[in-house]
Amino acid sequence: MDYFNFREQTLWCEDVSVEEIASKVGTPFYLYSHKTLVHHFRVFDLAFGEVPHIICFSVKANSNLSILRIFVAEGGGVDIVSGGELYRALQVGVDPMKIVYSGVGKTLDEIDYALKTGILMFNVESSEELGVINERACAMGKLARIALRVNPDVDPKTHPHISTGLKSNKFGIDIEKSREEYRRAKGLSNIEVIGVDCHIGSQVTQIAPFVDALDRLKNLISLLKKDGIEVEYLDLGGGLGITYNDELPPHPEQYAKAILGASGDLKCTFILEPGRVIVGNAGILVTRVLYNKSTDQKNFVIIDAGMNDLIRPSLYSSYHLIQPVVMKGRESIVADVVGPICESGDFLAKGRTIPRVERGELLAVMSAGAYGFTMSSNYNSRPRIAEVLVRDDQFFVIRERESYRDLVRGEDVPNFLK
Ligand SMILES: *Cc1c(COP(=O)(O)O)cnc(C)c1O
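Note that the sequence shown covers residues 3 to 420 in our numbering.
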């Protein structure tokens, strides 16, 4: 459910017209609905309400400080994958004991930063990483709380680029080998084993893979018990999918019910790391039509947003609904909706049936709140675009559009070139 609705043929976000925002901030821009964000967080949180749990929002899905702040105010924690994300989390006052740190390539500096912060736990992704965390904790006189991210080898049946829980993926530690690794962890001086973690992939639209993964983790937890290792935290990662087009993902309540049902009499605190399901449908990308162009073979709608602003269609062949901000009765055409970037891969839709739009008209690219701005770049020296948050009848620019000056910040031309 979201709060982007048409009123008399015109798109509104809560009680603000999208046209009005566009006229004030220019295009393109990302637009988020506060009410939708809060609603999505609460529904997810409430679904796990009957058991001890922490909702650790996955910062990489949308890392804007204001967005993070919304979840912190709701009592949420964060799942981070870099020192930069840790910095962001601390900027908005996340309780360190609600921070979990995943990722296969944590650097020494990042590990030190997290140890100094006193995060809840590292989700350790390799044997070598475990050793390094122990060494750094030793050097700093700290105890590092950890979970091993195990790879349960389940097929999440999602796009190959966003599946992470298969044996062939780079993530986690093979579940078969993890018991041995846990025993080793237990023997390390500055490591405290507190959890088990997995994350099987993203945009997962079925329940079965989550339940399969949980079954395997439960089995591991009972083996660990025999080794004298008590698991306090069970981190099931994120990955619940959303509707972009015609997908029918489980509702968070069904998802939680299935997980809690399958967890049996496990006594632990659940950690969930949702990203997309919270922010995906709470944001859109607003763009303007620059030109229409037709060749013998194709129609092109050329817009002012490109693959550098929203890369999902190019990267994963993702579908985003694209609709005019002002609906008028008119005929449909089949067109590629493309950006200004000098790449043939620069498209937001291919072969799409859309109304015949006019130069200067606004378009809304729906479901763009997750992995939209965070994956954007300056390719073609395009300033990154503004982000706007609506709350009721007001809107706030929560990230300014970058300037040309921002584009060259930090660059230097050595004297011999001057
Ligand atoms: C990306 C990621 C998530 C969030 O995934 P969504 O599909 O956005 O819910 C959670 N945990 C880890 C470890 C991740 O890498």
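Note that the Cβ used here is the ideal one computed from N, Cα and C, for glycine as well.
{"Query": "Do you know offhand how far LEU365's Cα is from LYS26's?", "Result": "16 Å"}
{"Query": "Alpha carbon to alpha carbon, how far is ASP338 from ARG354?", "Result": "6 Å"}
{"Query": "Are there any heavy atoms of ligand 1 lying less than 6 Å away from the beta-carbon of ARG218, as far as the coordinates show?", "Result": "no"}
{"Query": "Which residue spans inside the stretch 158-233 form an unbroken alpha helix (DSSP H) run of at least 4?", "Result": "177-189 and 210-228"}
{"Query": "Let's test the definition: count the other Cβ atoms within 10 Å of the Cβ of GLN205 and tell me whether it reaches 16, buried, or not, exposed.", "Result": "buried"}
{"Query": "By Cβ distance, which residues of its chain are closer than 7 Å to GLN256, with the 5 residues on each side in sequence left out?", "Result": "ILE209"}
{"Query": "What are the complete alpha helix (DSSP H) segments, minimum 4 residues, inside the stretch 98-128?", "Result": "110-119"}
{"Query": "Am I right that SER60 and ASP81 are in contact with their C-beta atoms under 8 Å? What's the rounded C-beta distance?", "Result": "5 Å"}
{"Query": "Can ASP81 be considered in contact with ligand 1, in the sense that its beta carbon sits closer than 6 Å to one or more heavy atoms?", "Result": "yes"}
{"Query": "Compute every distance between the C-beta of GLY239 and the non-hydrogen atoms of ligand 1, then say whether any falls below 6 Å.", "Result": "yes"}
{"Query": "What residues match up with LEU33 in a beta bridge as DSSP calls it?", "Result": "ILE286 and VAL390"}
{"Query": "Per the contact definition of three or more C-beta pairs closer than 8 Å, is the stretch 245-261 in contact with the stretch 37-57?", "Result": "yes"}
{"Query": "Below 6 Å, is the gap between the Cβ of GLY277 and the nearest heavy atom of ligand 1?", "Result": "yes"}
{"Query": "Just mark VAL162 as buried or exposed, buried being the case when its beta carbon has 16 or more other beta carbons within 10 Å.", "Result": "Per the sequence shown, the amino acid found at residue 162 is Pro instead of Val. By the 10 Å Cβ count, PRO162 comes out exposed."}
{"Query": "Using 10 angstroms around the beta-carbon of ARG411, count the other beta-carbons present and answer buried if the total reaches 16, otherwise exposed.", "Result": "exposed"}
{"Query": "Taking 7 Å as the threshold (C-beta atoms), are LEU287 and TYR32 in contact?", "Result": "yes"}
{"Query": "Can you tell me whether GLY189 is buried or exposed? The criterion is at least 16 other CB atoms within 10 Å of its CB, across all chains shown.", "Result": "exposed"}
{"Query": "According to the neighbour-count rule (16 or more other Cβ atoms, all chains shown, within 10 Å of its Cβ), is ASN7 buried or exposed?", "Result": "exposed"}
{"Query": "Would you grab the beta carbon distance between ASN101 and LEU122 for me? Rounded to a whole angstrom, and I think it's under 8 Å.", "Result": "Here residue 101 is Ile; the residue named in the question, Asn, does not match the sequence. Indeed, because the Cβ distance is near 6 Å, the residues count as touching under 8 Å."}
{"Query": "Quick check: the Cα distance between ARG290 and LYS269, rounded to an integer number of angstroms?", "Result": "53 Å"}
{"Query": "Could you pull out every residue in the same chain whose Cβ sits closer than 8 Å to the Cβ of VAL40, ignoring the five residues on either side in sequence?", "Result": "ILE72 and GLU76"}
{"Query": "Taking its Cβ as the centre, do 16 or more other Cβ atoms sit within 10 Å of PRO54, making it buried, or is it exposed?", "Result": "exposed"}
{"Query": "When you compare each of VAL279, MET142 and PHE272 to GLU249 by their alpha carbons, which one comes out closest?", "Result": "VAL279"}
{"Query": "I'd like the list of long-range same chain contacts for GLY266, defined as Cβ closer than 8 Å, with 5 residues on each side in sequence excluded.", "Result": "LYS220"}
{"Query": "With DSSP collapsed to three states, give me the class of LEU236.", "Result": "strand"}
{"Query": "Are the Cβ atoms of GLY79 and ILE56 separated by less than 7 Å?", "Result": "yes"}
{"Query": "So which of LEU292, SER191, SER346 and ASP4 has the shortest CA-CA distance to GLY143?", "Result": "SER191"}
{"Query": "Go to SER334, then tell me how far its beta strand (DSSP E) extends in each direction, as first and last residue.", "Result": "334-340"}
{"Query": "Less than 7 Å separating the beta-carbons of MET368 and HIS322?", "Result": "yes"}
{"Query": "Can you determine whether any heavy atom of ligand 1 sits closer than 6 Å to the C-beta of HIS201, and answer yes or no?", "Result": "yes"}
{"Query": "Considering just the uninterrupted stretch of the beta strand (DSSP E) at LYS352, what are its terminal residues?", "Result": "349-357"}
{"Query": "Pull the bridge partners of PRO326 from the DSSP assignment, please.", "Result": "LEU365"}
{"Query": "I'd like the span of the beta strand (DSSP E) that includes ALA260, first residue to last.", "Result": "Not the beta strand (DSSP E): ALA260 falls in the alpha helix (DSSP H), residues 254-265."}
{"Query": "Is any heavy atom in ligand 1 found nearer than 6 Å to the beta carbon of SER204?", "Result": "yes"}
{"Query": "Ignore the nearest five residues each way along the sequence and tell me which others in GLU194's own chain have a CB closer than 8 Å to its CB.", "Result": "LEU145, ALA146, ARG147 and ILE148"}
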